[in-house]
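Have a look at the structure below, then the notes.
Numbering (my numbering), first residue to last: 164 to 344.
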């Protein structure tokens, strides 16, 4: 799973792998630094950087943080453009993209939707058993990937439970489960 924390100057990425038993393993993380004043060039660097990372690691799922409305409209527009470049790069490689709010991501990783960056970094180190604390944007991207892993695992368990109920002879009736007959 690749997680992406979009930014117009720094775009974080983090890749994890789901292991047997639901454990998560760190694969890679880092930042794409655009380091150019021209926005079109920044967007190209984000697109090319994410494309290279996806081609190299071959993730099968992607999670991206949704854009929030910043106080400064110009900043929000730049963030939206950076996010668009990252999402397009992932989708061009054939991956579907799941989107999560910053609050959902923090809630999933820290257990508190208003957690600060340091709390997220600390939990990433603990959850993935890392020896070094990742840079803040990379940690946020790893958090997005973990959020997606947790959400998709929960969805899979719910679908399995629903399918199992259907095979066990239970029938749906009047808003609650009942035995047939």
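Note that the Cβ used here is the ideal one computed from N, Cα and C, for glycine as well.
Start and end residues, beta strand (DSSP E) containing residue 256: Per DSSP, residue 256 belongs to no beta strand (DSSP E) and is neither H nor E.
Whole angstroms is fine: what's the gap from residue 305's alpha carbon to residue 272's? 10 Å
Helix, strand or coil: how does DSSP classify residue 183 here? helix
Helix, strand or coil for residue 291? Go by DSSP, reduced to three states. coil
Contact check, residue 258 vs residue 224, beta carbons under 8 Å: yes
Own chain, CB closer than 7 Å to residue 214, minus 5 neighbours either side, in chain order: 252, 255, 256
Quick check on the DSSP output: the beta strand (DSSP E) that includes residue 227 runs from which residue to which? 225-228
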